[in-house]
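Heads up, the sequence shown stops at 851 in my numbering, and the numbers go up one at a time, no gaps. Glycine included, every Cβ here is placed at the ideal spot set by N, Cα and C. Because the structure is a prediction, the values reported are computed rather than measured.
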Amino acid sequence: HAPDELDPGRPCIAVGYGGATSLLEEQLPDLDPFGPAIGAIERWVGQGDSVICGIESAGINGLAPLQLAGSRDLVDADGMGRALPDFDQLSVLVDGLPGIVAAVSTGPGGVTLVEGARSEDLERVVRTAIECNGGWAGTAIGGFSVADLTVHAIPGTVARALRLGRAMEAAVGVAPAALADAVGGRVLGTGRVVEARHER
652 HAPDELDPGR PCIAVGYGGA TSLLEEQLPD LDPFGPAIGA IERWVGQGDS
702 VICGIESAGI NGLAPLQLAG SRDLVDADGM GRALPDFDQL SVLVDGLPGI
752 VAAVSTGPGG VTLVEGARSE DLERVVRTAI ECNGGWAGTA IGGFSVADLT
802 VHAIPGTVAR ALRLGRAMEA AVGVAPAALA DAVGGRVLGT GRVVEARHER
């Protein structure tokens, strides 16, 4: 949903994988990696039926909220608009929105919850909790509403990604200038990839 398609008063929770997502290859998530953190936030704020959005819109976290599509309403907004390395860079924290609550799994059955902390302190506490979970953890940030997304979040990142993906799919064999027109961009240069090195 776009933010304006939902009740503006509904509580919203942003989810994502915190920590080193490469460790997901070694320690696979269970079927509900965000459930403990979401549950802790909903109990703390005293509101259930939260709408879900993304912490960021890049990498694995661009897809993370979609894991909840079968059980929750999803809103097309996120707290970064791209990939950023630290939780204190989330738009709701940068903007100083009051009442923000963060929760993170710390291992089987354990959850750490941080409420009302300075953004830099929230970053440190959440990172410590993630280490307790083995280097990555299902993380959730709440304490805001759908209405807050229109001012304090980056809307439409999923819609833009879908539009770009569809344009790229339709652009096989199309000249770069035509692709740029299709996605509302401009050609900065063209070339040929000679070599690509994958760093381990």
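What is the residue span of the alpha helix (DSSP H) that residue i lies within?
i      : result
Leu830 : Pro827 to Val834
Gly710 : Careful: Gly710 lies outside any alpha helix (DSSP H) and carries neither H nor E.
Val844 : Neither: Val844 is in no alpha helix (DSSP H) and is coded neither H nor E.
Leu773 : Ser770 to Cys783
Ser742 : Ser742 to Val745
Classify residue i: buried if its beta carbon has 16 or more other beta carbons within 10 angstroms, exposed otherwise.
i      : result
Pro749 : exposed
Pro736 : exposed
Val853 : Residue 853 lies beyond the stretch modelled for the chain, which goes from 652 to 851, so this question has no answer here.
Pro759 : exposed
Gly767 : exposed
Gly747 : exposed
Gly824 : exposed
Give a yes or no on whether the C-beta atoms belonging to residue i and residue j are separated by under 9 Å.
i      : j      : result
Ile706 : Ile781 : no
Pro659 : Ala728 : no
Arg778 : Gly670 : yes
Ala754 : Val762 : yes
Ala812 : Val834 : no
Leu675 : Ile711 : yes
Ile692 : Leu764 : yes
Arg694 : Ala709 : no
Val726 : Leu800 : yes
Going by DSSP, what residue range makes up the beta strand (DSSP E) through residue i?
i      : result
Glu766 : Gly761 to Glu766
Val823 : Segment: none, Val823 is in no beta strand (DSSP E) and carries neither H nor E.
Ala665 : Pro662 to Gly670
Which of the three DSSP states, helix, strand or coil, is assigned to residue i?
i      : result
Asp729 : strand
Ile751 : coil
Ser796 : strand
Gly699 : coil
Gly816 : helix
Ala810 : helix
Gly721 : coil
Ala715 : helix
Gly686 : helix
Checklist entry - Below 8 Å, can you find three or more Cβ-Cβ pairs linking the stretch 674-688 to the stretch 832-845? => result By the Cβ rule, the stretch 674-688 does not count as touching the stretch 832-845, because fewer than three pairs are nearer than 8 Å.
Next on the checklist: Across the stretch 771-787 and the stretch 693-700, are there enough close Cβ pairs to call them in contact, namely three or more that are closer than 8 Å?
Outcome noted: Taking 8 Å as the limit for Cβ pairs, the verdict is that the stretch 693-700 does not touch the stretch 771-787.
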